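For reference, the structure discussed in these notes is given below.
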Amino acid sequence: MTCIHLLLTLVFAVSLGSAVEIQRPRGVPLSKKAFYEENKPFTCLDGSRTIPFDRVNDDYCDCKDGSDEPGTAACPNGSFHCTNAGYRPSFIPSSRINDGICDCCDTTDEYNSGAKCENTCKELGRKERDVLQKMAEITKEGFLLKQQLIEEAKKGRQEKQDKVTDMQENKKELEEKVEALRTVKETAEQPEKEAKERHLKAWEEQKAAIRLEKDKAKMAEAFLELDDNADGFVSVSELQTHAELDPDADGTLTETEAQGLIGGTEQVDTSTFESVWANIKDKYHSEAPPTVRTPEKSQDDEEAMAPYDVDTQVLIDAAQKARDDFEEAEKALREMDDQIGNIEKELSFDFGPNAEFTYLYSQCYELSTSEYIYRLCPFNRVSQKPKYGGSETNLGSWGSWSGPENNKYLVMKYEHGTGCWQGPSRSTAVKLTCGKETVVTSTSEPSRCEYLMEFTTPAVCQEPTNIDLSPHGHEEL
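For the sequence shown, the positions run -19 to -1, 1 to 458 when mature numbering (1 follows the signal peptide of the UniProt record, and there is no 0) is used.
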């Protein structure tokens, strides 16, 4: 039985109509009347002793449990039953009897104090009935909404399951397409690779030829410059005029060193000079003054690879199209895998006995306070963000349902949030209550780094029982 039903039962089990007085000692509830029979000895309710009945409510405490003085303040541990006809019965400590303060709404606790008490039970009962009436209406409307949510969840779940089935079939086709396009791509890439390699080889050979021609031109220029007497030979003495060619870098190019550079002879002609040019070219500096030249292409420009020929470009374009087609299909397959995974993840959640909490998935609800904006994303996370700037704090990620044994779906637990300074990781318990609207109603921090959030939702509304809220029947007096 829910709290609302229990309250209704307590309030409306009695009537506001005709009263039937049931004789019993003052302060005794109807449930214990049988223990208080006039003209019979009274046995203390704890069984500790038996006393004459005339000692009940004689303003002297005889029983250890105080049960012989239900209507006086004689026993410090006694309790007084307020009948409160028209409202809810209650108990108060016997020390409050005749203390000048009205505790019972029917004023029965101040029967001998002279206090001016007013019987407010009927008015309190009326107000409570109004509140309970509204609560009953909310419960009724919330339960109707819950039934709609269950139907929508059932329909939505079936649609998602069907969608996953269809997507699995489409995935097989897409996988086959990807493999076929992979074969097309690899087939197109092989001639592309071979054509590119041929083009690269030709370019490398061309570059080598260009470098060789340049080297020969430089060698011929050097020979002419070194051949001071223009006799068609470069001699040791002519070579010694270029100290930069000194192999030991002591500042002097000796005759022996010069001979070594030209192969151990006294002089070389053009053809022989070509064979010893490698010994000279890296250190040789021309003595000719620099000439003003028109801008020429840089070495990188001169050695830049030429555009592909038409046949090679056709192969490259075909291979690129095959790659694009393959990558597009592979991307579509990844996206389909992600979609299937997301739907299967959603279907794996425990959304309640009848999937009534399904509608909360992928939704977020906020509560703004004077300092913070709290955000609850059911089955995902809870966060807190300063209202006027600052970073967001994770108050916990979805953990599990953690309500009481009789209904675990009354509390959501979010765990492993941002760690507190020298403390535990933040966590949040979300308490769910019945309501027509889905809304975060309050937040608090009962313990350090442990948050409590109140959340209303139709999903927890129970089927209301038919309780007549109109006053009828009889009262306990």
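Glycine is no exception: its CB is placed at the ideal position from the N, C-alpha and C atoms. Keep in mind it's a predicted model, so treat the numbers as computed, not measured.
Cβ neighbour criterion (16 or more within 10 Å) applied to residue i
i	result
W402	exposed
A161	exposed
E50	buried
A211	exposed
Y369	exposed
E337	buried
N65	buried
T222	exposed
T237	exposed
T446	exposed
D43	buried
T233	exposed
P359	buried
H302	Checking the displayed sequence, the identity of residue 302 turns out to be Lys instead of His. Counting Cβ neighbours within 10 Å, K302 comes out exposed, since fewer than 16 surround it.
I(-16)	Residue placement at I(-16) cannot be trusted, given a pLDDT of 39 that sits under 50; what the coordinates show is reported in the next sentence. Label assigned to I(-16): buried.
L357	buried
G245	exposed
A134	buried
A285	exposed
In DSSP terms, what residue i is bridged to
i	result
Y432	T409
S23	For clarity, residue 23 is Phe in the given sequence; the question names Ser instead. Answer is I32.
F214	Per DSSP, none; premise fails for F214.
E396	S378
P427	Answer is none; P427 lacks a bridge partner.
Y355	L348 and Q365
H223	Looking at the DSSP assignment, H223 forms no beta bridge with any residue, so it has no partner.
T89	Its beta-bridge partners do not exist; DSSP assigns none.
F72	H62
T437	T414 and V420
V112	None, per the DSSP bridge assignment.
V249	V215
Pair within 8 angstroms by beta-carbon distance, residue i and residue j
i	j	result
C415	I131	no
A54	S29	no
L341	T424	no
G322	A440	no
E91	C83	yes
D40	L26	no
E173	L296	yes
A300	A203	no
N38	P6	yes
G377	Y395	yes
D87	N100	yes
S364	N375	yes
C63	C85	yes
T438	T419	yes
residue 479	G95	For residue 479 there is no data in the structure shown, the boundaries of the chain being -19 and 458.
K14	F34	no
L242	L226	yes
E327	K141	yes
Euclidean distance between Cα positions of residue i and residue j
i	j	result
T293	K177	7 angstroms
T275	A310	Low confidence applies to T275: its pLDDT is 48, below 50, so where it sits in the model is not reliable, and the reading given next is rough at best. C-alpha separation (whole angstroms): 54 angstroms.
R315	S329	21 angstroms
E255	E194	13 angstroms
W184	Y289	10 angstroms
I73	D111	25 angstroms
R163	F307	6 angstroms
F23	P57	19 angstroms
A190	H180	15 angstroms
D229	F214	25 angstroms
R107	E435	28 angstroms
Q187	A287	10 angstroms
D209	E219	7 angstroms
V145	M317	10 angstroms
K197	E175	33 angstroms
S408	L433	9 angstroms
P427	V392	16 angstroms
P405	R362	17 angstroms
L125	Q443	10 angstroms
Q114	K121	10 angstroms
G380	C430	16 angstroms
S48	S351	52 angstroms
Y265	K182	32 angstroms
D250	S216	9 angstroms
D319	L155	14 angstroms
Y390	S60	38 angstroms
Q240	V291	54 angstroms
Alpha helix (DSSP H) runs contained entirely in the stretch 128 to 189, provided each spans 4 or more residues
none
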